[in-house]
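In my numbering, the protein residues as written are 41 to 247.
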Amino acid sequence: MILPAGFYRRPTLDVAADLIGKVLVRSGGRGGGFRLSGTIVETEAYIGEDDLACHASRGRTARTAVMYGPAGRSYVYLIYGMYCCLNAVTEDPGFPAAVLIRAIEPLEGIERMMRNRNGNKRTTELGSGPGKLCQAMAIDRDLNGADLTGPELWIEDRGIQPGPIRTSPRIGVDYAGAYRDKPWRMFVDGSAHVSKRPSQDNTWRKL
DNA sequence: GTAGTGATTTTCT
DNA sequence: GAAAATCACTACA
């Protein structure tokens, strides 16, 4: 079942948690073309203009406009001049928020994903990071604003029961002041496909 | 195994 | 002009 727009039009933390275990699917090319997919194992929530880590904290601009639009669309942006990151827009129109898809466990089209990733042979290196998964699944800014109910990019519920979910502070947002330590990153505990494994850090709590 | 650093360009100040 | 929701590579243990 493809997740409907209503799935995304909810509190962002709920969407971030519920997306764990869902399947991200990318389809393209002519006449059937290709189909790539992977189970989502890591997400992060970015919530509103008050959240100093959220791009919308600087207000509405050409880049952040999608986040102010309806839920269930994609927000794809370029980071560090080289990589793209994929988000799902959440909440009511007018309230800027999104869930960053940070890691997937590859399911379908693994051979093609390896080619997209410059011949990388390890499945754990195909989707264990927001830039990596976009490269593997051929997601770039052409898909910014795309409807996440298809036909190029969507997320399905296949009834997968993810392992235990943990939370942690978000990655790479040390500049975000009081919002730096918010435990708004969600990931499958122990998965080999998440972007970073826990170090000696007992501040992370069970969800 | 961990730590440090350069690549590259859009975006907003 | 500075910073950025990252990654790959190198050096070293």
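Every residue gets a Cβ at the ideal spot worked out from N, C-alpha and C, and that includes glycine.
Keep in mind the model is a prediction, meaning the values are calculated, not measured.
What residue range does the alpha helix (DSSP H) around residue i cover?
i: N156; result: 150-156
i: Y123; result: Premise fails: Y123 lies in the beta strand (DSSP E), 123-129, not in any alpha helix (DSSP H).
i: F283; result: Not covered by the structure: residue 283. The range shown for the chain is 41 to 247.
i: V55; result: 52-58
i: L193; result: No alpha helix (DSSP H) holds L193; the beta strand (DSSP E) holding it covers 193-196.
i: C174; result: 170-176
Please go through the same chain and pick out, in chain order, the residues whose beta-carbon is closer than 8 Å to the beta-carbon of residue i, but skip the five residues on each side of it.
i: P110; result: A45, R49, V129, P133
i: W244; result: Caution is warranted here: a pLDDT of 40 is assigned to W244, below 50, making its placement in the model unreliable, and the coordinate value is therefore given only provisionally. Only R206, T207, S208, P223, P238 meet the Cβ criterion.
In terms of alpha-carbon separation, which member of the options lies closest to residue i?
i: A96; options: A216, K236, V228; result: A216
i: R18; options: Y120, I60, R113; result: Residue 18 cannot be examined here, being either before or after the span of the chain that is shown, 41 to 247.
i: A68; options: E192, R206, I200, M154; result: Contrary to the premise, residue 68 reads as Gly rather than Ala in this sequence. For the residues E192, R206, I200, M154, the minimum Cα distance to G68 belongs to E192.
i: F227; options: R210, D214, R206; result: R206
i: K236; options: I144, A102, R70; result: I144
Might you give, ordered along the chain, the residues of its own chain that have their beta carbon closer than 7 Å to the beta carbon of residue i, omitting 5 neighbours on each side?
i: W194; result: I42, V65, L188
i: G149; result: F74, R75, L76, S77
i: L183; result: S114, V116, E192, L193
In chain order, what residues of the same chain have a beta carbon less than 6 Å from the beta carbon of residue i, not counting five sequence neighbours either side?
i: M107; result: A96, Y115, V129, P136, A138
i: L173; result: I144, G167
Start and end of the beta strand (DSSP E) containing residue i?
i: V213; result: Here V213 belongs to no beta strand (DSSP E), and DSSP marks it neither H nor E.
i: A85; result: 74-87
i: L118; result: 114-119
i: G68; result: 63-68
How many whole angstroms separate the CB atoms of residue i and residue j, which I take to be in contact at a CB cut-off of 8 Å?
i: K62; j: I80; result: 5 Å
(Q) Under 8 Å, with one C-beta from each stretch per pair, do the region 150-162 and the region 120-127 reach the 3-pair mark? (A) no
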